[in-house]
Amino acid sequence: MQKEMPKTYDPHMEDEINRRWIERGYFTAKADKNKKPFTIVIPPPNITGQLHMGHALNNTIQDILIRAKRMQGYAALWVPGYDHAAIATEVRVMKELAKEGVTKESLGREGFLEKVWQWKEKYGGTIVGQLKRMGFSCDWSRERFTMDEGLSDAVLEVFVRLYGEGKIYRGKKLVNWCTKCQTTISDAEVEHEESFNWMYSFKYPVKGGGEFITFATTRPETMLGDTAVAVNPSDGRYAHLVGKTVTVPFVDRDIPVIADAYVEAEFGTGVVKITPAHDHNDYAVGERHCLPMINIMTDDGMLNENTGPYEGMEIYAAREKIIADMEAAGLYAGKESIKNAVGTHDRCGTTVEPLLKLQWFVKMEELAKPALDAYKSGELRFNRERFGRIYSHWLENIRDWCISRQLWWGHRIPAYYCECGFVTVSKKEPAACGGCGGKNLTQDPDTLDTWFSSALWPFSTLGWPQKTEDLEYFYPTDVLVTAYEIIFFWVVRMVFSGLYFMKELPFKDVLVTGMVLDSTGKKMSKSLGNGLDPIEVVDMFGADALRLMLVSGNALDNDTRFYMEKMEYSRNFLNKLWNASRFVLMNLGGEKICGAVSGVPADRWILSRLNTLVRDVTEKINAYELGMAAQYINDFIWDEFCDWYVEMVKPRLYDKDGSAEAAASRASALWTLRRALVWALKLLHPFTPFITETLF
43 MQKEMPKTYD
53 PHMEDEINRR
63 WIERGYFTAK
73 ADKNKKPFTI
83 VIPPPNITGQ
93 LHMGHALNNT
103 IQDILIRAKR
113 MQGYAALWVP
123 GYDHAAIATE
133 VRVMKELAKE
143 GVTKESLGRE
153 GFLEKVWQWK
163 EKYGGTIVGQ
173 LKRMGFSCDW
183 SRERFTMDEG
193 LSDAVLEVFV
203 RLYGEGKIYR
213 GKKLVNWCTK
223 CQTTISDAEV
233 EHEESFNWMY
243 SFKYPVKGGG
253 EFITFATTRP
263 ETMLGDTAVA
273 VNPSDGRYAH
283 LVGKTVTVPF
293 VDRDIPVIAD
303 AYVEAEFGTG
313 VVKITPAHDH
323 NDYAVGERHC
333 LPMINIMTDD
343 GMLNENTGPY
353 EGMEIYAARE
363 KIIADMEAAG
373 LYAGKESIKN
383 AVGTHDRCGT
393 TVEPLLKLQW
403 FVKMEELAKP
413 ALDAYKSGEL
423 RFNRERFGRI
433 YSHWLENIRD
443 WCISRQLWWG
453 HRIPAYYCEC
463 GFVTVSKKEP
473 AACGGCGGKN
483 LTQDPDTLDT
493 WFSSALWPFS
503 TLGWPQKTED
513 LEYFYPTDVL
523 VTAYEIIFFW
533 VVRMVFSGLY
543 FMKELPFKDV
553 LVTGMVLDST
563 GKKMSKSLGN
573 GLDPIEVVDM
583 FGADALRLML
593 VSGNALDNDT
603 RFYMEKMEYS
613 RNFLNKLWNA
623 SRFVLMNLGG
633 EKICGAVSGV
643 PADRWILSRL
653 NTLVRDVTEK
663 INAYELGMAA
673 QYINDFIWDE
683 FCDWYVEMVK
693 PRLYDKDGSA
703 EAAASRASAL
713 WTLRRALVWA
723 LKLLHPFTPF
733 ITETLF
């Protein structure tokens, strides 16, 4: 053995070890009634994605948990897969086509989708290969995709069922609209960044009294869609104006002065212009007061026929013209610089416009209540209370979910329209209209929000709506490991979907991770130039060293900074372990060491410390305190085993006097060395699987 073992550990052997694991099916889980199941579903990465440090941390945590449970005798299943990422993928493919001078419109829907599938086969799922590279022990035989046949069937089943129960409807409501991509987008796809902008003050003339009412806005062009101005009911300054009307210049529209508690009397002038068709807060006010909702914008961000002399102008050009015209009319009252957050589309950077659109929605009030109750009762647990508060806040302030997207890539909405006006919703294309029996049906061109399919992930990946063995045995899953920014976009939706369709929570524990920052504390990003590819780090140090660095010395919900010095420490620790193991194996020399432990204090001490370590590490892993568990193992191996015990037993190993007492002492030392090393390797294995596999 000692002749074959290299003097230093070479992490480049990791690829061969991983290939052997996968080929031999070591991670394939089987339903076994004699075992307790333990299930994790991977947060499905986008097919357009590249592995970043956040992915590396998130999946390292999952791998530690699943490997630990597998070693404890559970039937442990970690379901892998990836998401079709509708907008991101469509944007990427359109950019590639643009290089060839081709547009998706010129290809037509079927031609474009053919190109997307080709792109997906060629480039998609890159991240899956990267996950394998880091040794993540998913059951790769169960790999799923949100648009594979089974998951697509689940999506259609949910849509048809909810529509039939009146929980999905089509209506005209205010949505987030991207004028560049020309689609609705979810709140998750809106990035809010603070910047300095101008707040403009204007005056509207009060009808029949010679007075003016002054208000401020950062978006002067939306004045053309105003249908009221509002004041606080308790604001005595404007009590005499409530019920009167003011005139919106240039479109000659008379609008009422209303009283609503939404207005803060102490903020600004205490007057708010109300544009229900272009602001979410104003939309709520408009609904309370039954105000008209006037859209002033086309889908591509131009002003429309409701804007009088500004029709056909681009938003920002119209803004400057309106400011100049208001000043010329004596209705301009100044401007000031303010810092506010403007929402932009995370895919293209375009300012998001609230817009009235005819879309499909899910009624959320009834679905949200059980999800909220599950948390309040303690049945659903977060690793930190602050994440639970985010979850609760979103559910307590929930609004109906817009699920339609003006895209071609994705699950197409299974609604078919007839000339008679009847809408048929069906998993399969109907042969005839359900209303008049006509044959001339047209399917809705829109697709479903990506989150609609990922909301079903914990049970659709196990075979639902079919009653599969996997679904019966492995559902519900045990723990979800995810990032905090999607608590209310993904976690909430999985919870209410699981409760509604499976009558059971999809998981009991939600482990929310922090971010991996650069050495200065900044968020890693390609655009900032501080992004770091984990695979490049693996090439330099090995996957084990990276995995250990990511979870050591920090609570998993805290942000952690990445330093190369940390990587070097992890590598040095693994070299220390390698050298200690080499020392033990060289001294064993192939001997079979049996027998009881002697009364030598050093032997009894290290075994006592080992027993304590097994207990403490097991407790910390079960409590998801992986940083503490890793630190305990590090301290034991480096300090207690290598620096103390190995050094203490060397004289006993080298004693050559040939006495029975010396032989017994040596045998006891070897037995204890071997036992301590084997158990240390077992405890460390979920964290650093490659080196521990090699040494074991």
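Per our numbering, residue 43 is the first one in the sequence shown, and the count goes up by one each step.
No residue lacks a Cβ here, since even glycine has one placed at the ideal position from N, Cα and C.
Since this is a predicted model, take the numbers as computed values, not measurements.
Chain-order list of residues whose beta-carbon lies under 7 Å from that of residue 566 (same chain, five-residue window excluded): Along the sequence shown, one-based indexing puts residue 566 at 524. Take residue 566, set aside five residues on each side of it, and the residues of its chain with a beta-carbon closer than 7 Å to its own are 94, 95, 558, 559, 560, 572, 573 and 574, in chain order.
Backbone secondary structure at residue 108 - three-state DSSP: One-based indexing of the sequence shown puts residue 108 at position 66. Here residue 108 sits in helix by DSSP.
Local Cβ density within 10 Å of residue 401, reported as buried at 16 or more and exposed below that: In the sequence shown, the residue the question calls residue 401 occupies position 359. Buried, by the Cβ-count rule.
Inter-residue Cα distance where the pair is residue 684 and residue 80: Residue numbering aside, residue 684 sits at position 642 when the sequence shown is read from its first letter. Residue numbering aside, residue 80 sits at position 38 when the sequence shown is read from its first letter. If you take the alpha carbons of residue 684 and residue 80, they lie about 34 Å apart.
Secondary structure of residue 43, DSSP reduced to three states: Here residue 43 corresponds to residue number 1 of the sequence shown, with the count starting at 1. Annotation note: pLDDT 39 at residue 43 (below 50); position unreliable, coordinate value reported separately. Here residue 43 sits in coil by DSSP.
C-alpha gap between residue 737 and residue 55, whole angstroms: Counting from one through the sequence shown, the residue named residue 737 turns up at place 695. Counting from one through the sequence shown, the residue named residue 55 turns up at place 13. The alpha-carbon atoms of residue 737 and residue 55 are separated by roughly 12 Å.
Reduced DSSP category for residue 468 - H, G, I as helix; E, B as strand; rest coil: For this step, residue 468 is matched to residue 426 along the sequence shown. DSSP places residue 468 in coil when its eight states are reduced to three.
Residue range of the unbroken alpha helix (DSSP H) whose run includes residue 524: The count along the sequence shown starts at 1 and reaches residue 524 at position 482. No alpha helix (DSSP H) holds residue 524; the beta strand (DSSP E) holding it covers 521 to 525.
Validate contact between the stretch 475 to 486 and the stretch 449 to 466 using beta carbons, cut 8 Å, 3 pairs: yes
Where residue 562 falls, given that 16 or more other Cβ within 10 Å makes a residue buried: In the sequence shown, counting from the first residue as 1, residue 562 sits at position 520. So residue 562 counts as exposed.
Secondary structure of residue 144, DSSP reduced to three states: What you label residue 144 is simply residue 102 of the sequence shown in a count that begins at 1. Of the three classes helix, strand and coil, the one that applies to residue 144 here is coil, per DSSP.
With 16 other Cβ atoms within 10 Å as the buried cut-off, status of residue 579: Taking the sequence shown and counting its residues from 1, one reaches residue 579 at position 537. Classification for residue 579: buried.
Validate contact between the stretch 230 to 237 and the stretch 245 to 260 using beta carbons, cut 8 Å, 3 pairs: no
Beta-carbon proximity of residue 60 to residue 174, cut-off 9 Å: Here the question's residue 60 lines up with position 18 in the sequence shown. Here the question's residue 174 lines up with position 132 in the sequence shown. Yes, Cβ-Cβ distance for residue 60 and residue 174 is below 9 Å.
C-alpha distance - residue 447 paired with residue 237, whole-angstrom precision: For the purposes of this step, residue 447 is taken as residue 405 along the sequence shown, with counting starting at 1. For the purposes of this step, residue 237 is taken as residue 195 along the sequence shown, with counting starting at 1. Their backbone Cα atoms lie some 29 Å apart in a straight line.
Best match in 424, 674, 89 and 482 for proximity to residue 169 [C-alpha to C-alpha]: Along the sequence shown, one-based indexing puts residue 169 at 127. Answer by Cα proximity: 89.
Residue 212, enclosing beta strand (DSSP E) - first and last residue: Numbered from 1 along the sequence shown, position 170 holds the residue referred to as residue 212. Note, residue 212: beta strand (DSSP E), 210 to 220.
Status (buried if at least 16 other CB within 10 Å, exposed otherwise) for residue 383: Against the sequence shown, residue 383 aligns to sequence position 341. It counts as exposed.
Cβ distance (whole Å) where residue 272 is taken to contact residue 314 below 8 Å: Looking up residue 272 in the sequence shown gives position 230. Looking up residue 314 in the sequence shown gives position 272. Going by Cβ atoms, the distance from residue 272 to residue 314 rounds to 5 Å, so yes, they are a contact pair.
Within 9 Å, strictly: CB atoms of residue 555 and residue 525: Taking the sequence shown and counting its residues from 1, the one referred to as residue 555 is at position 513. Taking the sequence shown and counting its residues from 1, the one referred to as residue 525 is at position 483. Yes, the pair counts as a contact, with Cβ atoms nearer than the cut-off.
Identified DSSP bridge partners for residue 296: For the purposes of this step, residue 296 is taken as the residue at position 254 of the sequence shown. 289.
Residue 460 - DSSP class collapsed to helix/strand/coil: Counting from one through the sequence shown, the residue named residue 460 turns up at place 418. DSSP places residue 460 in strand when its eight states are reduced to three.
CA nearest to the CA of residue 303, picked from 291, 146, 324 and 665: The count along the sequence shown starts at 1 and reaches residue 303 at position 261. Measuring from the Cα of residue 303, the nearest candidate turns out to be 324.
Stretch pair the stretch 212 to 227 + the stretch 339 to 358: three plus CB contacts closer than 8 Å: yes
DSSP-derived helix/strand/coil call for residue 284: Along the sequence shown, read from residue 1 onward, the residue named residue 284 stands at position 242. Reduced to three states, the DSSP call for residue 284 is coil.
Own chain, CB closer than 8 Å to residue 533, minus 5 neighbours either side, in chain order: Sequence index remark: in the sequence shown, residue 533 carries index 491 (1-based). Cβ within range, chain order: 433, 522, 524 and 552.
Limits of the beta strand (DSSP E) - the one that residue 242 falls within: In the sequence shown, counting from the first residue as 1, residue 242 sits at position 200. Segment 232 to 247, the beta strand (DSSP E) holding residue 242.
Neighbour flag for residue 308 against chain C, beta carbons, 9 Å: Looking at the structure shown, chain C is missing, and only one protein chain is on hand.
C-beta atoms of residue 196 and residue 502 nearer than 9 Å: On the sequence shown, position 154 is the one that residue 196 refers to. On the sequence shown, position 460 is the one that residue 502 refers to. It is a contact, given that the beta carbons lie within the stated cut-off.
Counterpart residues of residue 378 in DSSP-defined beta bridges: Residue mapping note: residue 378 aligns to position 336 of the sequence shown, counting from 1. For residue 378, which the question treats as bridged, DSSP gives the partners 241.
Distance, residue 497 Cα to residue 719 Cα: Position 677 of the sequence shown, counted from the first residue, corresponds to residue 719. Position 455 of the sequence shown, counted from the first residue, corresponds to residue 497. Linking residue 719 to residue 497 through their CA atoms gives a straight-line distance of about 44 Å.
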